[in-house]
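A.B. asks:
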Amino acid sequence: MFSSSDLLLLETKWQLSFFRDNFPSSNVKWFPNNRLSVPTKNQSKTAKKFFFAGHMRKEKGVDIIIEATKDLSEKCEVYFMGEVVDDFLIDKINEYPHMHFLGELSHSDLLSKIETFDVLLFPSYYSQEGYPGILVESLFFGKPVIVSKFRALPELVSNNGYIIEPKSSQELKTRVLELISDEKLFQGMSDAAYVYASKFDAKFWCKEMIKEIELVRNKE
1 MFSSSDLLLL ETKWQLSFFR DNFPSSNVKW FPNNRLSVPT KNQSKTAKKF
51 FFAGHMRKEK GVDIIIEATK DLSEKCEVYF MGEVVDDFLI DKINEYPHMH
101 FLGELSHSDL LSKIETFDVL LFPSYYSQEG YPGILVESLF FGKPVIVSKF
151 RALPELVSNN GYIIEPKSSQ ELKTRVLELI SDEKLFQGMS DAAYVYASKF
201 DAKFWCKEMI KEIELVRNKE
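Each residue of the sequence shown is one higher than the one before, starting from 1 at the first, in our numbering.
#1: Report, in whole angstroms, the separation of the C-beta atoms of Phe150 and Glu129, which I expect to be a contact under 8 Å.
#2: Got a sec: does the ligand NAD put a non-hydrogen atom nearer than 7 Å to the Cβ of Ala53?
#3: Evaluate the contact criterion for the region 136-146 versus the region 192-200: three or more CB pairs, one atom per stretch, below 8 Å.
#4: From this set, Tyr79, Phe122, Pro97, which residue's C-alpha is nearest Val136's C-alpha?
#5: Go through the region 160-188 residue by residue and report every complete run of the beta strand (DSSP E) that reaches 3 residues or more, in order.
#6: What does the alpha-carbon distance come out to for the pair Met1 and Lys199?
#7: Could you tell me the alpha carbon to alpha carbon distance between Lys58 and Lys219, rounded to whole angstroms?
#8: Whole angstroms are fine: how far does the CA of Ser124 sit from the CA of Glu183?
#9: Could you tell me how far apart the beta carbons of Val84 and Ile90 are, in whole angstroms, since I believe they sit closer than 8 Å?
#10: Do Cys76 and Ile146 come within 8 Å of each other at the CB atom, strictly closer than that value?
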C-alpha cells in the first residue's frame, strides 16, 4: 500500500527514517505538526512558572513532573492543563500547594495561559507520541522545553531546552533547578526557542504541501 501511494507525508523524522528503510520505493516527505506563528515572544526574565499541557495520564510523564518538583515549593509554581485520564494524578497534584491543575481549557484559553508561563515540562514516555502540538506552540511563544529522550521528542529540541532520560525525575529536577538559578541560561534558551519555531510555521508548510501536490499531479 505504501509503495503504491503517490505521496506519503510523515509528521516526524523518526517516521521518515523508518519508511525510507522499510519502503525504499515510496515517495515520503517530512511534514511536521505546525502552527501559525504568533507575534509574541517570551517576556519573562526568570524561570518561575513551569507547566504541562496534554492528556493527564501517567505515561505522559505527569507522574515524573510531580516527583521532580514536589520539594520545590519555595522556588517555583507548576501548572497542569488537560483532559483527565488518570484521576490519581489530580489527587497527587492537590497534595502540594505550589502545584495547580487548571482543567481542560479551550485552545484560545490554553494559548493565553502559555504566554504567562515560562518553561514547558514534557517528559513523556507515551507509546504513541509524535510531535505534540503543545511543544510547537510553546516554541512560538519562546518557551524553553524539557522533553524525554523518547521516540521523536528530541527532534524538537536543540539549544532551546533539555533532553532527559525517560522516567528520570532526578534529572528533570536538576534541569528545572538550573533554569531557575541561571537567568542567562533561561534567556538564551528562550531566544533559541523563538528562532527554532520558524521550522514549524504553518504558512510555510501549507505552501510546501501545495508544491508537493502539484508535483504529483504533473506526473499523472
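All C-beta atoms, glycine included, are put in the ideal place defined by N, C-alpha and C.
C.D. replies: Looking at the atomic coordinates:
#1: Locating residue 150 in the sequence shown gives position 150, where the first residue counts as 1. Locating residue 129 in the sequence shown gives position 129, where the first residue counts as 1. Rounded, the Cβ-Cβ distance is 6 Å, consistent with contact.
#2: In terms of ligand content, the structure shown is empty, and the ligand NAD therefore cannot be addressed.
#3: yes
#4: Working through the sequence shown from its first residue, we reach residue 136 at position 136. Of the candidates Tyr79, Phe122, Pro97, the one whose C-alpha sits nearest the C-alpha of Val136 is Phe122.
#5: 161-164
#6: On the sequence shown, residue 1 is found 1 positions in, with the first residue counted as 1. On the sequence shown, residue 199 is found 199 positions in, with the first residue counted as 1. In this predicted model, Met1 has a pLDDT of only 49, less than 50, meaning its place in the structure is not dependable enough to derive any value.
#7: In the sequence shown, residue 58 corresponds to position 58, counting from 1. In the sequence shown, residue 219 corresponds to position 219, counting from 1. Looking at the two C-alpha atoms, the distance is approximately 47 Å.
#8: In the sequence shown, counting from the first residue as 1, residue 183 sits at position 183. In the sequence shown, counting from the first residue as 1, residue 124 sits at position 124. Approximately 26 Å, taken between the alpha carbons.
#9: Position 84 of the sequence shown, counting from 1, holds the residue named residue 84. Position 90 of the sequence shown, counting from 1, holds the residue named residue 90. Confirmed, Cβ separation roughly 6 Å.
#10: Counted from its first residue, the sequence shown places residue 146 at position 146. Counted from its first residue, the sequence shown places residue 76 at position 76. Not a contact, by the Cβ cut-off of 8 Å.
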